[in-house]
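Protein chains in written order, with our numbering: chain Y, 27 to 141; chain X, 339 to 451. Below is one structure, written out as structure tokens, with a few remarks after it.
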């Protein structure tokens, strides 16, 4: 079974440019998460989806960040325009319903460098 | 607000010796507690969790963790460390019925041959 797939793995852009990250969760996992991981820090939740509905986006900086999960499967996280402080690793994770709902499976992450 | 603290940035241990990676939490009510491990250029991998029941939980790769409610701790342990255990370890928690997982800052484990 394929794990959580993220792309691109690495992205270097200049400030004020837009960037988008894509995530394909594990098949059948209805919950999808985007986390931000700064260097030397633990992951912090940006947004959580239950199917196609964003149920927790309180930590998402909505002035420049947006996310969508069309059809409740793949998800895209966008930053426009990017700032220097956005340099970080963006992690996607998914979890199933039921007994395993609280165990997240993470992708390898997308490392963003803003110059 | 809930929080997780990992007081050690790095833990050094010799191969074959026991290891402990410390974690304390601040969560209202009954906590759900987790340990994840992160290898270079890879995503976080689930190791073990405590939800209820026995205070000593066993997980992957020979790791175990002990839940101590009075000390609000959930330390990760392994009786005999391997060089391949060298990685970044994260403790995480959320309160019952609430799926916002809060992570600690991570502890780098370095096991020397």
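Glycine included, C-beta positions come from ideal geometry on N, C-alpha and C. Quick caveat, the model's predicted, so the values are computed rather than measured.
Any C-beta of chain X under 7 Å from that of residue 143(Y): Examination of residue 143(Y) is not possible in this model, given that chain Y is present from 27 through 141 alone.
To the nearest angstrom, how far is it from the Cα of residue 110(Y) to the Cα of residue 91(Y)? Working through the first chain from its first residue, we reach residue 110(Y) at position 84. Working through the first chain from its first residue, we reach residue 91(Y) at position 65. The C-alpha of residue 91(Y) is placed about 14 Å away from the C-alpha of residue 110(Y).
From what residue to what residue does the beta strand (DSSP E) around residue 378(X) run? Taking the second chain and counting its residues from 1, the one referred to as residue 378(X) is at position 40. Run containing residue 378(X): none; DSSP gives neither H nor E here.
7 Å Cβ cutoff met for residue 411(X) and residue 362(X): Counted from its first residue, the second chain places residue 411(X) at position 73. Counted from its first residue, the second chain places residue 362(X) at position 24. Yes, the Cβ-Cβ distance between residue 411(X) and residue 362(X) is below 7 Å.
So the beta strand (DSSP E) residue 103(Y) belongs to, where does it begin and stop? Taking the first chain and counting its residues from 1, one reaches residue 103(Y) at position 77. Its beta strand (DSSP E) spans residues 101-105.
Can you pull the DSSP bridge partners for residue 431(X)? As a position in the second chain, residue 431(X) is number 93, starting the count at 1. 371(X) and 440(X), per the DSSP bridge assignment.
Buried or exposed (CB count within 10 angstroms, at least 16 for buried), residue 396(X): As a position in the second chain, residue 396(X) is number 58, starting the count at 1. The residue is exposed, with fewer than 16 neighbouring Cβ atoms inside 10 Å.
Same chain, Cβ closer than 6 Å to residue 415(X), five either side skipped, listed in chain order: Within the second chain, residue 415(X) is the residue found at index 77, counting from 1. Scanning its chain for C-beta atoms nearer than 6 Å, with the 5 sequence neighbours on each side dropped, one finds around residue 415(X) the residues 358 and 402, in chain order.
Span separating the alpha-carbon of residue 372(X) from that of residue 39(Y): As a working mapping, residue 372(X) is identified with position 34 in the second chain. As a working mapping, residue 39(Y) is identified with position 13 in the first chain. So the two alpha carbons sit approximately 35 Å from each other.
If I follow the unbroken beta strand (DSSP E) through residue 123(Y), where does it start and stop? The residue you call residue 123(Y) lines up with position 97 of the first chain. Counting along the chain, residue 123(Y) falls outside any beta strand (DSSP E), and DSSP gives it neither H nor E.
Do we get a CB-CB distance below 7 Å when we pair residue 401(X) with the residues of chain Y? Indexing the second chain from 1 puts residue 401(X) at position 63. Answer no: the Cβ-Cβ gap between residue 401(X) and chain Y never drops below 7 Å.
Is there contact here, the stretch 340-350 of chain X with the stretch 78-94 of chain Y, by at least three beta-carbon pairs under 8 Å? No: the two stretches stay apart, fewer than three of their Cβ pairs being nearer than 8 Å.
My guess is that residue 57(Y) and residue 127(Y) are in contact by the Cβ rule of under 8 Å, so how many angstroms apart are they, rounded? Position 31 of the first chain, counted from the start, is the residue given in the question as residue 57(Y). Position 101 of the first chain, counted from the start, is the residue given in the question as residue 127(Y). Rounded, the Cβ-Cβ distance is 7 Å, consistent with contact.
Let's test the definition: count the other Cβ atoms within 10 Å of the Cβ of residue 390(X) and tell me whether it reaches 16, buried, or not, exposed. Here the question's residue 390(X) lines up with position 52 in the second chain. An exposed status is given to residue 390(X), since fewer than 16 other beta-carbon atoms sit within 10 Å of its beta-carbon.
What are the residues of the stretch 112-129 of chain Y that lie near chain X, defined by any Cβ-Cβ distance shorter than 9 Å? Listed by position, the residues of the stretch 112-129 of chain Y near chain X (Cβ gap below 9 Å) are 117, 118, 119, 121, 127, 128 and 129.
Name the two residues that bound the continuous beta strand (DSSP E) containing residue 359(X). On the second chain, residue 359(X) is found 21 positions in, with the first residue counted as 1. Judged by DSSP secondary structure, residue 359(X) falls within the beta strand (DSSP E) whose first and last residues are 357-359.
Segment limits, beta strand (DSSP E) that includes residue 413(X): Indexing the second chain from 1 puts residue 413(X) at position 75. Bounds of the beta strand (DSSP E) holding residue 413(X) are 411-416.
Distance, Cα to Cα, residue 449(X) vs residue 393(X)? By 1-based counting over the second chain, the position of residue 449(X) is 111. By 1-based counting over the second chain, the position of residue 393(X) is 55. Rounded to whole angstroms, residue 449(X) to residue 393(X) spans 26 Å at the Cα level.
Among 406(X), 451(X) and 431(X), whose alpha-carbon lies nearest the alpha-carbon of residue 69(Y)? Indexing the first chain from 1 puts residue 69(Y) at position 43. Taking only the C-alpha atoms, the option nearest residue 69(Y) is 431(X).
Return the residues of the stretch 355-380 of chain X that lie within a Cβ-Cβ distance of less than 9 Å from chain Y, sorted by chain order. Hits within the stretch, in order: 370, 372, 374, 376, 379 and 380.
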